[in-house]
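If you read the sequence shown in numbering that gives the first Met the number 0, its first letter stands for residue 0, the second for the next number, and so on.
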Amino acid sequence: MKKLLLTICYFSYFVGAYGQSTLSIVGPGKEVNPYLYTVQKRGEFKQAAVSSAHPLASMVGAVVMKKGGNAFDAAIATQLVLAVVYPNAGNIGGGGFLLGRKVNGELIGIDYREAAPASASRDMYLDKNGNAKLNLSQNGHLASGIPGTVAGLFTTMNYAKLPFSQLIQPAIDIAANGYVLTEKEAASLNSVKDAIVKNSTQANAFVKSTRWKVGDTLVQKELAATLQRIQQEGQKGFYEGKTAELIVAEMKRGNGIVSMDDLKNYQAKMRAPISFNYRGHQVISFAPPSSGGILLAQMLKMIEKYPVSKYGFQTRKSVQLMIEAERRAYADRAEFMGDPDFFKVPIKTLISDDYLAKRMSDYDSDKAGISSNIKAGVIKESEETTHLSIVDAEGNMVAVTTTLNNSYGCRTVVGGAGFLLNNEMDDFSVKPGVPNMYGAVGGEANAIQPGKRMLSSMTPTLVLKDNKPFVVIGTPGGTTIPTSVYQAIVNMIDFNMGVGDAIDKPKFHHQWLPDEVMVENDFDATTKDQLQKMGYKISMRGAIGRTEGIKFLPNKRREAAADKRGDDSVAGF
Ligand code: DON
């Protein structure tokens with residue numbers, strides 16, 4: 000194992016009682032020490048690797064594989080640890096998508112996106128004058144969809160090897176006995192304190208009277224008890240019984256509408272992945288209710304006939320072409336994409352060569368496009384999420400993107416149960432043309448209906464070369480997710496970069512509306528000036544995404560990289 004970058008080392012002293020567990024890997028002196036851990040940005044591993052938003056989560060995933068689990072076991076254990084150590088986005092109160100490829104070639108798409116409660120309605124976030132009340136779709140109890148994560152984890156068990164009771168034990172141990180906060184985590188908890196106090200109805204572990212500081216230990220007893228109920232009772236330990244009662248009691252205290260029946264009826268769904276070719280590689284990504292796979296296919300296929308590598312990395316020419324593909328794909332997102340169980344999404348057409356050639360027919364390499372001139376195509380047929388990438392020794396690949404939507408979701412902690420709820424209802428189009436928190440607009444396709452899943456941008460993605468594993472990748476970032484994955488893939492395939500560089504390079508983003516290009520602060524100044532001269536409106540912004548990737552090297556080793564933009568970290572062996 001090669002450690003390329005060691006950035007942080009935190010420790011504190013702990014005296015506590017660790018229960019005997021079936022997978023007792025957490026604690027001082029054990030494989031995973033939550034009081035002494037380091038962030039590792041890159042690593043080359045012989046057999047198995049994990050890249051996730053937190054060192055403890057990546058380490059647990061790697062140890063699970065070392066002890067006989069496969070990539071699916073590791074995905075379950077890693078997500079559960081993220082639900083403890085990364086409350087911004089790791090969750091049991093949210094939802095996500097898992098995309099997997101078994102070594103025998105079988106593709107697996109598990110949709111555990113949140114769903115609108117049975118008593119949700121199309122205009123539930125409009126006032127009597129028809130104005131959107133975005134505060135209600137974004138903050139507090141009414142913003143929460145029915146959580147899907149726990150159902151997703153149990154569906155993933157169909158592909159795992161180890162018992163669930165073992166896979167959840169590390170998360171229980173860390174919740175019960177605490178972990179040491181990094182500087183970023185302490186600052187993040189301080190910044191969200193007022194919002195959590197405002198939107199929660201009972202005391203909880205995230206809020207204390209003094210400020211959090213680096214090296215503090217965060218203990219989450221109520222969350223540990225919730226996880227133990229799930230350990231003992233399975234899926235019902237969340238969707239029925241005491242946990243469900245605590246969720247519904249929280250809803251009643253805060254005018255939310257998720258009911259016992261909503262929880263009991265929630266099911267994860269299997270989705271056939273989106274698959275397409277790009278310059279001799281097979282790219283596999285997630286289907287609706289995520290827009291991610293379609294957008295990725297559209298953008299890559301729109302630029303495929305152009306010699307992007309000849310244009311040069313992030314030159315005016317290559318960036319302008321990529322922006323115009325982004326603009327056109329996002330115009331289609333607003334019109335045609337939603338939950339396929341409620342709205343017929345014309346997937347085949349949207350990613351067909353003919354259709355995409357027509358979409359680019361008005362592309363002019365010398366002129367900035369204008370979004371008001373670019374409508375969705377004509378079709379005749381009737382910040383905070385988190386991503387983890389995992390590969391195991393056999394060659395199974397798993398990409399999971401999971402979210403509460405905003406950082407810390409709706410900022411409501413379920414009283415007595417210790418976890419945050421999502422604010423995923425804001426990913427619906429609450430009113431045609433009204434932008435959600437990511438500036439995305441939509442209409443009929445993504446209108447609210449009971450039981451419907453809100454349109455996502457999450458893009459867990461696998462790439463094969465010669466039908467063999469090549470890359471596992473994905474990122475958070477709201478509507479910037481598909482463009483980050485698109486650019487990381489172009490960086491690897493067109494510009495031949497390693498996965499770490501492909502991820503860390505500055506990103507740019509256009510989403511049709513608003514008609515502007517967002518670029519990260521470290522984006523090339525010359526290219527930016529040239530694009531501005533062409534007429535592009537450019538806005539500078541902080542980090543776009545936190546991409547985690549693993550690439551298979553020709554010597555069969557796995558090159559893992561965690562985004563430079565956070566505490567993200569890799570582990571493996
Ligand atoms: O599903 C979606 O597209 C959004 N709820 C994702 C939110 C997200 O990535 C926030 N992260 N920065």
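Beta carbons: idealized from backbone N, C-alpha and C, even for Gly. A quick note: this is a predicted structure, and the numbers were derived from the prediction, not measured.
Please classify residue i as buried or exposed, where buried requires at least 16 neighbouring CB atoms within 10 angstroms.
i	result
L463	buried
T209	exposed
L55	buried
G93	buried
M424	buried
A524	exposed
L320	buried
R358	buried
Q39	buried
P459	buried
R540	exposed
L552	exposed
T130	First, the amino acid is wrong: residue 130 is Asn here, not Thr. By the neighbour-count rule (16 or more Cβ atoms within 10 Å), N130 is not buried but exposed.
G565	buried
I389	buried
A561	buried
K506	buried
G60	buried
P475	buried
N138	buried
G544	buried
F335	buried
G311	exposed
Q231	exposed
R557	buried
Mind checking whether the beta-carbon of residue i lies closer than 6 Å to any heavy atom of the ligand DON?
i	result
I547	Ile is not the amino acid found at residue 547; the sequence shown has Glu there. Checking every heavy atom of the ligand DON against the Cβ of E547, none is found closer than 6 Å.
P434	no
M457	yes
G89	no
D426	yes
E573	This structure leaves residue 573 out entirely; the chain is present only between 0 and 572.
L519	Note that residue 519 is Glu in the sequence shown here, rather than Leu. Checking every heavy atom of the ligand DON against the Cβ of E519, none is found closer than 6 Å.
T401	no
T148	no
E383	yes
N445	no
Could you give the residue range of the alpha helix (DSSP H) that holds residue i?
i	result
V498	V498 to D503
E558	Counting along the chain, E558 falls outside any alpha helix (DSSP H), though it belongs to the beta strand (DSSP E) covering R557 to A561.
F163	F163 to L166
V229	Per the sequence shown, residue 229 should be read as Ile rather than Val. Start and end: K220 to E232.
I373	From DSSP, I373 is part of no alpha helix (DSSP H); its letter is neither H nor E.
V484	I480 to I492
Compare the Cα-Cα distances from residue i to each of the options and report the closest residue.
i	options	result
N90	G476, L420 and T460	L420
T348	I256, A61, N254 and V377	V377
A115	E519, I447 and A560	I447
A47	G534, E30, F153 and K66	K66
S274	D122, T148 and G292	G292
A207	V196, Y178, V213 and T200	Here residue 207 is Lys; the residue named in the question, Ala, does not match the sequence. With distances taken between Cα atoms, K207 lies closest to V196.
R112	N128, G548, A267 and I256	A267
N573	L35, P146 and I107	One cannot answer for residue 573 here, as it falls past the ends of the chain, which runs 0 to 572.
I373	D338, G99, E323 and V399	E323
V498	K29, R41, G26 and G28	R41
T478	P468, E547 and S290	S290
W511	V83, I109 and A330	A330
L79	T37, G151, G28 and K127	G151
A328	E105, H508 and M58	H508
What span of residues does the beta strand (DSSP E) with residue i cover, start to end?
i	result
S568	S568 to G571
G42	R41 to F44
K467	K467 to G473
Per DSSP, which residues does residue i bridge with? Please list them.
i	result
H508	M517
A131	L125
T384	T402
V282	F275 and V462
F551	R557
R573	No statement about residue 573 is possible, as the shown extent of the chain runs from 0 to 572 and does not include it.
A48	V390 and G571
A159	In DSSP, A159 forms no bridge with anything.
S110	Looking at the sequence itself, residue 110 is Asp, so the reference to Ser does not match. DSSP output for D110 lists F96 and K268 as bridge partner(s).
T216	V179
A452	It should be pointed out that residue 452 corresponds to Arg in this sequence rather than to Ala. DSSP output for R452 lists A114 as bridge partner(s).
I246	BP columns for I246 are empty, so no partner.
I145	A114
V80	According to DSSP, V80 bridges with nothing at all.
With a threshold of 7 Å between beta-carbons, can residue i be considered close to chain D, or not?
i	result
E519	You won't find chain D in this structure, because it holds only one protein chain.
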